[in-house]
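In what follows, a single structure is set out as structure tokens and then discussed.
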């Protein structure tokens, strides 16, 4: 039978089990007796089933897993690299940074969530405003609680770290990571009459952008405004988004409706007029 024991010069619990009649000693990377015994049972189960055991499996630290995740983001050119690094450096690493991934339990993750829910962020700094009567008033800073959506994005990064560690064979399993319920889920649709009412109040230069976004459902900042003429084929009647520019990283094709075809022809005519008058190249479709 295997045992869990302590060593004088190690801060962690150790386990001893037998493989092919020979004793194998391994650090668990945790001080938690329950976690250590769970690891021992897993090792003994692997021995019973004849599964080869690599003592190095399970020793991956949080910082090593974080580095692996960021390298994966770099290799796949994910535009969320900066956001993921910020979440790791600012929130995940200060809480989990001194642990091995194998020692992080669902209870630890719930403790992290509780801590983040108690955190606040600076919504507006302290300031001085002038009243209507000419006097000044000092207003204190305003702080707000961290939203469930923000915490879920951090948990998503942690989930990916565990998945990559398991895929690389550096971890046997990953813990259950419960997500929070988000109340800001998009519901309903923007009806045609609502869209037309908003359009009537917009500046002339914004109307083509909003019309294109309304018909296609594309994101204005990341997909509509960066659109270039090289991605538009008026003869065939389609618009293409390049791979890597969409949320899921895949390319996308939209076949133009008569309304959009007419809109883009007008945009093309305006762009060509500017090119003739100012002797400059207009690359973007929505250049105003």
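Numbering (the working numbering), first residue to last: 1 to 288. All C-beta atoms in this analysis are idealised placements derived from N, C-alpha and C, irrespective of residue type, glycine included. No experiment lies behind these values; they were computed from the predicted model shown.
Could you say which of the options lies nearest to residue i if we only look at CA atoms?
i           : options              : result
residue 34  : 49, 5, 25 and 177    : 5
residue 253 : 140, 263 and 224     : 224
residue 155 : 106, 270 and 24      : 106
residue 48  : 21, 68 and 65        : 21
residue 62  : 162, 71 and 177      : 162
residue 165 : 45, 68 and 265       : 68
residue 96  : 270, 266, 30 and 3   : 30
residue 269 : 24, 192 and 234      : 234
residue 1   : 118, 219, 119 and 25 : 25
residue 217 : 78, 160, 200 and 191 : 191
residue 219 : 232, 241 and 147     : 241
residue 108 : 119, 32, 88 and 79   : 32
residue 146 : 132, 118 and 87      : 118
residue 182 : 203, 148 and 199     : 148
residue 19  : 8, 36 and 46         : 46
residue 85  : 158, 134 and 50      : 158
residue 251 : 7, 198 and 231       : 231
Would you grab the beta carbon distance between residue i and residue j for me? Rounded to a whole angstrom, and I think it's under 8 Å.
i           : j           : result
residue 152 : residue 179 : 5 Å
residue 228 : residue 284 : 6 Å
residue 27  : residue 12  : 5 Å
residue 60  : residue 170 : 4 Å
residue 65  : residue 93  : Between residue 93 and residue 65 the Cβ distance is about 11 Å, and since that is not below 8 Å, they are no contact.
Spatial neighbours of residue i within its chain, please: C-beta separation below 8 Å, excluding the five flanking residues on both sides.
i           : result
residue 263 : 208, 211 and 212
residue 129 : 136, 137 and 139
residue 23  : 16 and 17
residue 10  : 27
residue 286 : 208, 209, 212, 224, 225, 227 and 267
residue 44  : 2 and 17
residue 70  : 81, 84, 85 and 88
residue 131 : 137
Within its chain, find whatever has a CB closer than 6 Å to the CB of residue i; leave out the 5 residues flanking it on each side and keep chain order.
i           : result
residue 195 : 214
residue 288 : 205
residue 91  : 154
residue 260 : 215
residue 271 : 282
residue 176 : 106
residue 116 : 146 and 151
residue 277 : none
Taking 7 Å as the limit between beta carbons, can you name the residues of its chain near residue i, skipping five residues before and five after?
i           : result
residue 238 : 253, 254, 255 and 256
residue 72  : 164
residue 104 : 96 and 175
residue 200 : none
residue 202 : 210
residue 265 : 234
residue 74  : 81
Would the segment 35-44 and the segment 112-124 be scored as touching if the rule is three or more Cβ pairs under 8 Å?
no
With contact counted as at least three CB pairs below 8 Å, one residue from each stretch, are the segment 88-105 and the segment 201-215 in contact?
no
Touching or not, the segment 117-124 and the segment 140-160, by the rule of three or more beta carbon pairs under 8 Å?
yes
At 3 residues or longer, and completely inside the segment 132-173: list those beta strand (DSSP E) runs for me, N to C.
136-139 and 142-145
Kindly provide the ranges of any alpha helix (DSSP H) runs that are 4 or more residues long and lie completely inside the segment 52-120, ordered along the chain.
62-75, 81-87, 93-96 and 106-118
What are the start and end residues of each continuous beta strand (DSSP E) run of 3 or more residues lying completely inside the segment 181-231, in chain order?
none
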